[in-house]
Each structure stands twice: as C-alpha cells, then as structure tokens.
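Heads up, the thing below is written out as structure tokens.
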Amino acid sequence: GENVEQHPSTLSVQEGDSAVIKCTYSDSASNYFPWYKQELGKRPQLIIDIRSNVGEKKDQRIAVTLNKTAKHFSLHITETQPEDSAVYFCAASLRPTGYSSASKIIFGSGTRLSIRP
Amino acid sequence: SQTIHQWPATLVQPVGSPLSLECTVEGTSNPNLYWYRQAAGRGLQLLFYSVGIGQISSEVPQNLSASRPQDRQFILSSKKLLLSDSGFYLCAWSPGVGADGYTFGSGTRLTVV
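Just so you know, the sequences run in chain order A and B.
At position 6 of the first sequence the residue is numbered 212 (the numbering used here), and the sequence of numbers has no breaks.
At position 23 of the second sequence the residue is numbered 223 (the numbering used here), and the sequence of numbers has no breaks.
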C-alpha cells in the first residue's frame, strides 16, 4: 500500500525566516496531496493541497511543490510568524480498489514546527 | 453548510470495558466517512472507511470495529478495550463520488486505564 515519509520530524526557525517540510510517497497512482496543520489538542485542518496535474501552488505565505517523477512534494512557509507553530502533516490520496468513490488519505508522521521569537 | 460532530470529547475507560464513539455529519448526503487514530505525538493512522450504509472497510487488524447504521452516522466500537487503544480518535468526512478533500471532527481523547 501507500507509504508517506515526512522530514524533518521537528523544525525550529527564527521568526521571519522560511520553513520547508519535505515528503515522499511510494505509490505512483496517488494524485492528490493535501497538507494539514494541527495545533495542540485540536483537529487537523487543511491548509493547502495540490493535484498531480499541477507542479506548484501558492496561497499567500504558503506554497507547495510536487515532483511526480521523483515522488516528492514539499511545503514552504515564508515570513514565518508565531502562529505558524504547530504540527504539520503531509498526505497522499490513494483510491482503494473496489470502492471507486472513496479516496483514502495516508498521512506522513508529522513535523513539529516551532517559531523562535 | 456541512458540519461534522464527534462525541464525547474525552473519555476515560477501564481495560476490558466496551467503547462506542459516534460521529455524525450534517448538511450533506452520501458522504465518505473515516475513522483515524492518533497516538500521542504520532501521525494519523487510518482505521476504517465507509462509502455507504453498511459498507465498512478495515485498514488494520485490531480490537476495534466500525458501523454505519445511517447515511450520516459512523460509529467506532470495541467489546473489550486494551491499554493500547488509548489515543486521539478522529472522524472525518469527504464528499462522495470521487472528491478528495477531508474535514475532520473535533476528536475524542480516549484514555484506557
């Protein structure tokens, strides 16, 4: 089945600097790659996503890139702010056999991002 | 608009006791429904998913089961809890028929003692 690897597991950056989180996936059939942000004790919330027919997508200070050939995708946060501190999860979506309408999302292990003032 | 409700928010149960966690979705029909578990400081593990009433797919062998008695209701159960069942349980939904985006419920923090 699909396997998603995420690095680093922890990341500390100075406020105002950029943060980059990298993920790889194993199943070349995956075609949807969301990123979730989880604050302490709360539910994960979708912050940005990208589909396999797009190489890059940007939303204000957040951008994602996808390299289908290498099966790599990355999250870039620029001009980091204290409220960016959280755990970030990358994920890949794989459609299961036999249930064509359901997309299972497989998550990476998470990156704990800390922003130093 | 669509909303997802999950309860209870926290639960402390003794080893060997039964479990029932409920999740309901409002404002949509025929959603895909999912149960995930998150161990402390870890990632999200997919436990079950469902594309319709009575249709349940299990991802990992375990001490838990899931049921979908109604279109917008998804229940996670156990007959006898183990210590290893402790964790943060999250229900999620996505629109049916090929759509991809997930929305998570607020989660249930289960502690088995």
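From the three backbone atoms N, C-alpha and C, an ideal C-beta is built for every residue, glycine too.
query, result
"Reduced DSSP secondary structure (H/G/I, E/B, other) of A/D233", "coil"
"Neighbour flag for B/S306 against chain A, beta carbons, 8 Å", "yes"
"Which residues DSSP lists as bridging B/Q206, in chain order", "B/C223"
"Length at least 3, wholly inside the segment 248 to 306 of chain B: the beta strand (DSSP E) runs in chain order", "255 to 258, 265 to 270, 273 to 278, 287 to 294"
"In chain order, each beta strand (DSSP E) run of at least 3 residues that lies wholly inside the segment 238 to 289 of chain A", "238 to 244, 251 to 257, 262 to 265, 268 to 273, 278 to 283"
"Proximity of A/C229 and A/G316 at Cβ, strictly below 8 Å", "no"
"Residues near B/K280 in its chain [Cβ-Cβ closer than 6 Å; skip 5 each side]", "G216"
"Option in A/G207, A/Q220, A/P214 with minimal Cα separation from A/P323", "A/Q220"
"Nearest-angstrom Cα separation, counted from B/S294 out to B/V225", "10 Å"
"Outcome for A/R249 when other beta-carbon atoms lying within 10 angstroms are tallied against a minimum of 16", "buried"
"Minimum Cβ-Cβ distance from B/G254 to chain A less than 8 Å", "no"
"B/R242 - DSSP class collapsed to helix/strand/coil", "coil"
"Strand pairing of A/T216, partner residues [DSSP]", "A/R318"
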